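Worksheet: the structure to be examined is printed underneath.
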Amino acid sequence: MESKTDSETKNQRHSIFSKHEISMLGIRSNLVQSSFSYERMHAPGFTWAQLPYWEKIYRDDPKGLSRVMTDNMEFINSSPPLYPILMGLLLSMEEDHVDSQTIKGLKNALFGPMAGIGDAIFWFTIMPIVGGISASIAKSGNVLGPILFFLVYLFLFWTRIPLAHLGYNLGAKAIDIIEDNSKIISHVASILGLTVIGALIASYVKMKLTIKVGAGGAVIDLQRQLLDKIFPNLLPFAFVFLLYWLLKKNINPIWLIIVTFALAIVMSLLGWM
Amino acid sequence: MESKTDSETKNQRHSIFSKHEISMLGIRSNLVQSSFSYERMHAPGFTWAQLPYWEKIYRDDPKGLSRVMTDNMEFINSSPPLYPILMGLLLSMEEDHVDSQTIKGLKNALFGPMAGIGDAIFWFTIMPIVGGISASIAKSGNVLGPILFFLVYLFLFWTRIPLAHLGYNLGAKAIDIIEDNSKIISHVASILGLTVIGALIASYVKMKLTIKVGAGGAVIDLQRQLLDKIFPNLLPFAFVFLLYWLLKKNINPIWLIIVTFALAIVMSLLGWM
Amino acid sequence: MESKTDSETKNQRHSIFSKHEISMLGIRSNLVQSSFSYERMHAPGFTWAQLPYWEKIYRDDPKGLSRVMTDNMEFINSSPPLYPILMGLLLSMEEDHVDSQTIKGLKNALFGPMAGIGDAIFWFTIMPIVGGISASIAKSGNVLGPILFFLVYLFLFWTRIPLAHLGYNLGAKAIDIIEDNSKIISHVASILGLTVIGALIASYVKMKLTIKVGAGGAVIDLQRQLLDKIFPNLLPFAFVFLLYWLLKKNINPIWLIIVTFALAIVMSLLGWM
Amino acid sequence: MEITFIQGLLIAIWAMIAGLDCWLQAFFIFRPIIVCTITGLILGDLKMGVIAGGLTELAFAGLTPAGGTQPPNTVLCGIMTVVVAYTNNIAPQTAIGLSLPFAMLMQYILLIYYSSFSLFLPTFDRYAEDGNAKAFKRLNLVPMAIVTLSFGIVAFLSAYAAQGPMRTLVNSMPHWLTHGFELAGGILPAVGFAMLLKVMLKARYLPYLLLGFVVASMIPFSNVLPVALVGAVFAMIEFYHSKDEEKTRAKIKELEANNQGGGMNDGI
Amino acid sequence: MEITFIQGLLIAIWAMIAGLDCWLQAFFIFRPIIVCTITGLILGDLKMGVIAGGLTELAFAGLTPAGGTQPPNTVLCGIMTVVVAYTNNIAPQTAIGLSLPFAMLMQYILLIYYSSFSLFLPTFDRYAEDGNAKAFKRLNLVPMAIVTLSFGIVAFLSAYAAQGPMRTLVNSMPHWLTHGFELAGGILPAVGFAMLLKVMLKARYLPYLLLGFVVASMIPFSNVLPVALVGAVFAMIEFYHSKDEEKTRAKIKELEANNQGGGMNDGI
Amino acid sequence: MEITFIQGLLIAIWAMIAGLDCWLQAFFIFRPIIVCTITGLILGDLKMGVIAGGLTELAFAGLTPAGGTQPPNTVLCGIMTVVVAYTNNIAPQTAIGLSLPFAMLMQYILLIYYSSFSLFLPTFDRYAEDGNAKAFKRLNLVPMAIVTLSFGIVAFLSAYAAQGPMRTLVNSMPHWLTHGFELAGGILPAVGFAMLLKVMLKARYLPYLLLGFVVASMIPFSNVLPVALVGAVFAMIEFYHSKDEEKTRAKIKELEANNQGGGMNDGI
Ligand SMILES: OC[C@H]1O[C@H](O)[C@@H](O)[C@@H](O)[C@@H]1O
Ligand SMILES: OC[C@H]1O[C@H](O)[C@@H](O)[C@@H](O)[C@@H]1O
Ligand SMILES: OC[C@H]1O[C@H](O)[C@@H](O)[C@@H](O)[C@@H]1O
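Chains as they are written, first to last, in my numbering: chain L, 1 to 273; chain S, 1 to 273; chain D, 1 to 273; chain W, 1 to 268; chain U, 1 to 268; chain C, 1 to 268.
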């Protein structure tokens, strides 16, 4: 009974942080990529965002502050819009002086799956949908297209605030739930993500042949009479897999772009596309 | 060997009921809802339908008759068109003087799943399909629409007779099969039912905005240029979930109808729909 | 370490067969059906195809040759285009003088699942797709239709050669993989096969009523206003299941063809189709 | 046009027949497509009845009584759609909206019966205990008689007696209001679906709801049979999966039992 | 137009080549699309041959010999469709129906061979036991020779010798009969599918059959590749599920074995 | 038309704002649809900016930086598409292709930063060890400043300083080359998807990729939401399956543990 009200009113009773401060944590999470490097990715920005809170918690404990800063400088890479949850969670634990090893373990258990989920949702689902709809409005010169896009992302920006509160309020209670499910969730996010990528390949890669082969009465339009009859978007799919195969052979991505350009220009020159 | 011929020829050899009487059980099952009340739902009609048969079984045993009547007055609610099977089954057990506790248990184990399956099949699949097809014929004033509808339901009415025979002939043999599968079957019926409800929402709830927003060159038709580009039937789906959420908050269904009317009239007044 | 290079360079080091000979095994596999009979199906052709290799292996061992020939004369029926893999595999084992009982067991474990997979892929997927596309080109009199068809099957013919090498090179190593998976694979092939058959029924069986029923203002076009509104291709599906049911009743397939003809002619006579 | 007394009476009789069927759910002649047709026949305009039947049937598709709920009553709605269209000479489409209040009136009468008929239960119970079959059978007729009569009275009053005020009302209604009623008719099925969802929706079935919605929105087909078949496909696949899992679970239980058995043996 | 003796001979030779391929299923030149084209070439009307090939290929799509069954023979059907269309100057579409009896004749000849060729088996067995490779190889040529010859003879008789009576027959056929044959050509694949289903359909695969049917009926696409891909999707998903389950089952078996092992140890 | 110095400056400032947002991924004003619009506004041709924004947004849909990769830069691409179209008076569609080299230039600059900014890490680490929050916060501004400045400089040079040579180049380009650039713009998303697949594709997810591809190819709908919903349906179904399996697996583990425990006990 006690523990229930306990967590419900945490913000009011125990917390040393005001509601406003937690909101600010959400805002500060926007800087996780500030000092991005491949070596440790979000580590410095991640540390920076939480720093003022640790300063408050470890006001009289410089050792503690040093420890927590060092701990958080380890490699971390997750989905930016989901950091507020993670940070809120970690902050509530830090505040309760949970053992630092536990916190580290939790952080490491969570950021990976969260990256997968976040990417599936934000990069592969929301962005192409909102982008696609806005673009189709904008293509006719209607300024409501970009405005719509902006408003949606302003809303997503704002969600960082409630997400920070969510993470902070759930606190340790949330951990078991998330940890138990993290493997399944990243599995499930992959399913969603790859389905959408399949759809994106069909929707956004544009390759159509314009040549006809044969002679005399036996002429066929390669694209419309052969390829499109086999399967629409066959070329885009095949080309993506060609590039995929090249990447698997450790070809540098820069080459893929060059190959793409070369192909397009050659095709244009030959009049095949 | 014996037991096989036994059950196959039950109707002929052991049964104290004629084929005609079993057919009549199917017909009588039509009155399960005769004295419907929320307290016990089908109980009185269910008892009534089986009463003549118990009178025959317990001709010389008033205690038995009283017991079986009392037993069957307990709450029961299942899918009306499937009662013939259930009643046939119970009758064959009653006739074999199976222990009354067993019969009760069986009845309770079966009526729930049968309600789920029956509703999924009869209310959510057959009715909208037959109704939809007949209606589309009728809409042009063609009387074959209602005739088709009537014939299909006449046929379904008739099926109660073979279903009663089925239940009665299978008898106790059927029980294990049904009981073993009842959990899975109701799971599976939910899958079917909810898929169809999803389709019904898309097909039967009609909400389309007629307003345009923006000014000057930047005008868009909200329905066709925004909502329909996001997803067709977005409004119906959202509105159903709004009502669902209200119901979850224990709002009385009457309010939902009032809200719907109010919304429609306001939308009409504003010229938004 | 040793065993790895071992198998990789098998062809070069251990094998008593040249690359050309293994290629020829692929070619010879085309004759598996040469002496087809219901009693043992591919057995004689299967034996014939491998015979020259056994002659080489058992050059100085007439008993061995006799044994292996007799062993292979047992019933076997699999998918012709997949025999090269099977034969390559068995040959590599025969060459390594693996115990004859093991070889037999393996053969029996594999040919069934391979038949299922092969039929699903070659008969039910590749043929209708390639046939359908070529036919749609040919229907307008374009000779590229048959040419396309021929080229695809020439390619499939050619694949027998690499498949023979594959089977031979993998050798015993492949067995565990295939055996472990054979049950799952035939399960999975059935899923693919039946999905495609469902599609083929919808695409290739053509039955459309031309009658109208009713009188006066209440006339409906049975096909377009009733059947097509219930579900497209309803008649073909129903008819296939009628035939299926007849077959289950052990009606001779010849009767099905006669029934089909009779039905078509009667329908034509009545003007119903 | 006006409804004559004889027509009013015939409508009342028809309401009693269809109403009883609605109570029992036997022949399904209580569905709008039948109710409207017969009402049209009574009023001498079969064709309009049939058309109204088609339109009303679609509007009421989602409003099923599954699970013992009560939707707006199809018998009254069917009758009054045709009556309103006939007496006011308006399109059936608009009349649907105007018939809804009558349908809701009947809905509430039936809801009251659903609650108050529990008053009969003690008597039923007594007859059961006494093994008094005859009295039991007789008593079972009473609720049906009450329901049947109610349908007749409500229909007569609505269709015949109220036609004057009804006409005045309709004539004085501005366009936005009648259009609003039309819209309401199109949105109304949402209520039925929401009620169904409250009964049936669990998190684990959400994907199937979504599936049905997406497929129906994407394929341009006139009925839900294709989607129902897709639902059946997923249901059947799940059926066999569940079967397999059940077997596995049964085996595990067996093992657990053995284990404990083994443990006990150890203890001896 | 009439078929000359030389053309008849060329057709017979072509029938032998395509017929042997049909028996062996090697190059797939026995499919109507190829058979008709070459026959058209022989008769000097390539274009008609190609068109007939397209139409006949579609009509025979379902009639596969999978599982050792014998459908109406595609070689005879292909040849005779072109021949009948050519000699009677009718549309290939109608000719398909008229060529079916010939296709069925050949089907039955092959069925007889499928049964009677078991007579060669004892001799094969003897050579195998004796390790007599040479004789074995020689004997294997005999059935092929029989089949090849049969194709040549049947095709020659059907195409060349029977053209007179054929023409009389076709001319005397009323429209409803030729139309009936056309219809039969369209329905015929049903037989093939029913036979397939008898071999392959188990209750647990019914959902997939339905899935393929529904998807193909709903998407307006000209070949079955999209549906085959959907089938492949479900097959692959199931593959990984089955893998997981297998692991679980293997673990349970291990546990059972341990348990029994443990039990035995206890006994010691 | 020419770009004035003021306009060049404004573009540079806008590039700095959008560029910083691109680095941080905060407001998503770095997406082409916004970048082009604002650039159009600066150049006094809002409408063209909006149109270019729509086109470029679609071309860049697949090129996400998910997983820390760097696609061609959307800020430079957006700015230069509008600039090239404006200064050379050509269609935005063609301008996309011509802006790509600039986008790739910026991509490489950022890639160099992604690698070289690890040089700051030792200093960060030192401040962390010292618990020197103030210095840490200050240092964190440096990389952002570098990135922001770079965007400004590159954009200014590309848009203002390079316009002369740019125009010469464009004018001298043959049709096949500009058409080639257009084509490249349409194919480019393939690169992004291939990179995604390298990160995400495992054999067990192949069916879902295929599913998305097939469904999107078959339904004529303008965005991927329906397919995303289908993906969500399969994901949710799988979620509940995995949950069930997990339970089973947990039980089996328990049994295994008990078994071993039992074994040990026996040993005592
Ligand atoms: O839900 C089961 C069942 O409940 C009530 O009895 C009625 O609404 C029936 O129509 C329904 O089938
Ligand atoms: O079913 C396996 C196999 O059976 C027979 O051998 C033939 O019909 C083949 O075409 C088929 O592939
Ligand atoms: O993949 C997770 C994550 O990786 C990097 O940090 C960035 O590319 C983010 O945009 C992405 O979300």
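For glycine and all other residues, C-beta sits at the position ideal for the given N, C-alpha and C. A quick note: this is a predicted structure, and the numbers were derived from the prediction, not measured.
Closer than 9 Å to chain S by CB, residue i
i        : result
L:Ser203 : no
L:Leu144 : yes
C:Pro226 : yes
D:Lys208 : no
L:Ile126 : no
W:Asn73  : no
Environment of residue i [buried if 16+ CB atoms lie within 10 Å]
i        : result
D:Asp96  : exposed
D:Phe75  : exposed
U:Ile112 : exposed
L:Gly300 : Residue 300 of chain L lies beyond the residue range present for chain L, which begins at 1 and ends at 273; the question has no answer from this structure.
S:Val213 : exposed
C:Tyr108 : exposed
U:Phe5   : exposed
U:Thr94  : buried
Heavy atom of ligand 2 within 8 Å of residue i beta-carbon
i        : result
D:Thr47  : no
D:Pro232 : no
D:Ser79  : yes
Residue i: CB within 8 Å of a non-hydrogen atom of ligand 1
i        : result
S:Ala115 : yes
S:Phe36  : yes
W:Thr69  : yes
Within-9 Å CB hit, residue i to chain D
i        : result
W:Pro242 : Looking at the sequence itself, residue 242 of chain W is Ser, so the reference to Pro does not match. No, no contact with chain D.
U:Glu2   : no
Contact test: residue i Cβ vs ligand 3 heavy atom, cutoff 8 Å
i        : result
L:Trp123 : yes
C:Thr74  : no
C:Thr64  : yes
Per-residue contacts from residue i into chain S (C-beta, under 7 Å)
i        : result
D:Lys212 : Residues of chain S passing the Cβ test: none, with the nearest at roughly 11 Å.
D:Ala238 : The contacting residues do not exist; D:Ala238 stays about 16 Å from chain S at best.
Any C-beta of chain W under 9 Å from that of residue i
i        : result
S:Arg13  : A caution first: S:Arg13 carries a pLDDT of 38, below 50, which makes its placement in the model unreliable, though a value can still be read off. So no, S:Arg13 is outside the interface.
U:Asp255 : Here the sequence assigns Leu to residue 255 of chain U, which means Asp is not the residue at that position. Judged by the 9 Å Cβ criterion, U:Leu255 is in contact with chain W.
Chain C contact for residue i (CB, 9 Å cutoff)
i        : result
S:Phe231 : yes
Beta carbon proximity, residue i to chain L, threshold 9 Å
i        : result
S:Gly116 : no
Contact with chain U by residue i, beta-carbon distance below 9 Å
i        : result
C:Met200 : no
Neighbour list for residue i in chain W, Cβ cutoff strictly below 8 Å
i        : result
U:Arg138 : Within 8 Å Cβ-Cβ: nothing; U:Arg138 doesn't reach chain W, min ~51 Å.
Review point. Counting pairs of Cβ atoms below 8 Å between the region 221-238 of chain C and the region 184-193 of chain L, do you hit three or more?
Key: They touch, by the three-pair rule.
Review point. Between the region 187-201 of chain U and the region 192-203 of chain D, are three or more C-beta pairs nearer than 8 Å?
Key: yes
Practice item. Report yes or no: do the region 130-145 of chain D and the region 52-65 of chain U share at least 3 C-beta pairs separated by less than 8 Å? Key: yes
Review point. On the three-pair Cβ rule with 8 Å, is the region 131-150 of chain L touching the region 96-113 of chain L?
Key: no
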